[in-house]
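Quick note: to get the working numbering, add 676 to the position in the sequence shown (first position is 1).
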Amino acid sequence: MRERKLTAGRFLAWALVPMLLWTMTACNYSPKQENLEAFQAAVLEQNYPLAGDIYTEAAIPKDFDAAPYVTSLVDEVGKIRTEFASGAMDFDQAILALEGLRFHADLSERIAPNLAEARAEITKIDDIDESLELARIFALGGDYRQSLEQYATVLQASPEHAEARTAQASVLGEFTAAGEAKAAELLTKGFPRTALYIVEQGLLYDSGNQALAARKTEIEKAIADKDAAIKAEIPRFELNLLLRDGKLKDAQEYLDQLAEQGIDTAPLQPLLDERIDLYISAVIASASDLASAALSGRWPAAPYSKAIAKLNEGLALYPNNEQLQAAKTKYQNASPDNAADNITILQGNVQSDATGSDAGGYTYRSGGFDSPLLVKPDTIFTYEMGGYDKTRIVFSPKSADNAVYSNMAVIVKVDGDTVYSEEPFENSLKAVTLNLNVSKSSVIRVTVQQSGFASFFDSIIGRNSVFIELYRLP
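Put into structure tokens, the structure is as follows:
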């Protein structure tokens, strides 16, 4: 074997090995420490993008230890919780700060339990603060139930919350005192059942309250006394219910049933009789209103038909009532008669039971009470009053063109005397109504005439026709 000699150069090389090893170790350690400190500084300044980049670079070596970095973020989570608890941060700021710590996927996963725990605590504290504030506001507004519900929510989340428990006791005292006072007031005003409801609501929150319990006993006795009084008045009460609903026939049947049971109905019968009288008076008054309204305007139906129908409703209940019978007879005898079917045509063209619309848009329908005549110019007809002493005549133009009625005159005579002679549609297309008082034997003569060459052609095609309604009234 060849023997190596220790020369001066070899000695120097071996002497430098420990120094090189120490230098290499120092070089490996220093970047790790610097990265961590830089990371912490970036997190402190909330420069999360830079902190993420530092962490990514630091994690490259295989012997990388993430624990110090995680510890730094966990410390930050703790600071956020502390600042929120002290009021330095509000809820939104705290949640935003926690979310900001999720700047790196690996770190976010490592501190996820800490973030969840902090978020839960912050949310709980915020909910409690909100419930306390709502409870205070509800109590100030007199809504004690809602206030108590909010305090219950706080104590459910934090059973040892001293502020909530003290405030709850205070509000409960106000609630039960107010409820007891209100119940006493309602009982005095005659509303015992409402008073009982209020007391029972108070006992739901404070079952051992002696004042409420005593008030409940008092109210229940008042209710029992009132029920007994009502029971004694059941016949009158039931009768009044029937009368209130207008069930007069049912009311009479009820009194008959009571009489069959041996109950004295003498004090009750006047109540029904009075209501029957009011009903009959109302029916007659309603019929009168319908009759008065029916006499105005046009008459597509018999003017007194609605009044008679209203009286028939009353007669269906009380067929022997003389007041209703007399009123019905009066309207039957006063009903108008359509005289259109009783005319005598002396000249011209007349169509009976005419249909269609006049210039004003009023529509005649076949078979209506207002069934009119449709008359062309140069027509004369008469009708007799036949025992009636009033007549009503309505003229209305069929065409909406004024020009076709130029020089058209309508002449009405009663027993030879002219009572109307006008050119009604020369400047207006409105219907004209004549109401005449005549003798029961009078003869009414109606003439429709028109001069001018154009009227001949208009008459041929019916453009200048006129609707005429004829009525005889008692």
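Note that beta-carbon positions come from the ideal geometry of N, C-alpha and C, so glycine has one too.
For Ala773, there is no enclosing beta strand (DSSP E); the residue is part of the alpha helix (DSSP H) that begins and ends at 767-776.
For the set Val830, Val847, Thr829, the Cα lying nearest the Cα of Leu816 is the one of Val847. A direct Cα-to-Cα measurement between Leu712 and Glu759 gives close to 24 Å.
In the three-state scheme derived from DSSP, where H, G and I count as helix and E and B as strand, Glu710 is classed as helix. Secondary structure in the region 859-919: no beta strand (DSSP E) run of 3 residues or longer lies completely within the stretch.
The residues Ala1035, Pro1073, in chain order, have a CB closer than 6 Å to that of Leu1105 in the same chain once the five nearest residues on each side in sequence are set aside. Leu872 is positioned such that its CB atom lies closer than 7 Å to that of Ile895.
When the Cα atoms are used, Lys858 and Pro789 turn out to be separated by approximately 53 Å. At the C-beta level, Tyr724 and Gly776 come within 7 Å of one another. If you draw a straight line from the Cα of Ala764 to the Cα of Lys892, it is about 50 Å long. Met1061 sits away from Val1122, with the two beta carbons spaced by 7 Å or more.
Secondary structure at Glu721: coil, using DSSP grouped into helix, strand and coil.
In this structure, the straight-line span from the alpha carbon of Ala1010 to that of Ser1047 is close to 19 Å. In the three-state reduction of the DSSP assignment, Asn1140 falls in the coil class, being assigned neither a helical nor a strand state. Judged by their CB atoms, Ile1144 and Leu1049 are nearer to each other than the 7 Å cut-off. Less than 7 Å divides the Cβ of Asn1083 from the Cβ of Gly1128. Counting along the chain, the unbroken alpha helix (DSSP H) around Glu929 starts and ends at 924-936. Two segments are said to touch when three or more pairs of C-beta atoms, one from each, lie closer than 8 Å; by this definition the region 979-986 does not touch the region 943-952.
Separation of Gly973 and Gln945 (C-alpha to C-alpha, rounded to the nearest whole angstrom) is 44 Å. Taking the Cα positions, Thr1058 is about 24 Å away from Arg1041. In the structure shown, Asp1013 adopts extended strand secondary structure according to DSSP, grouped into three states.
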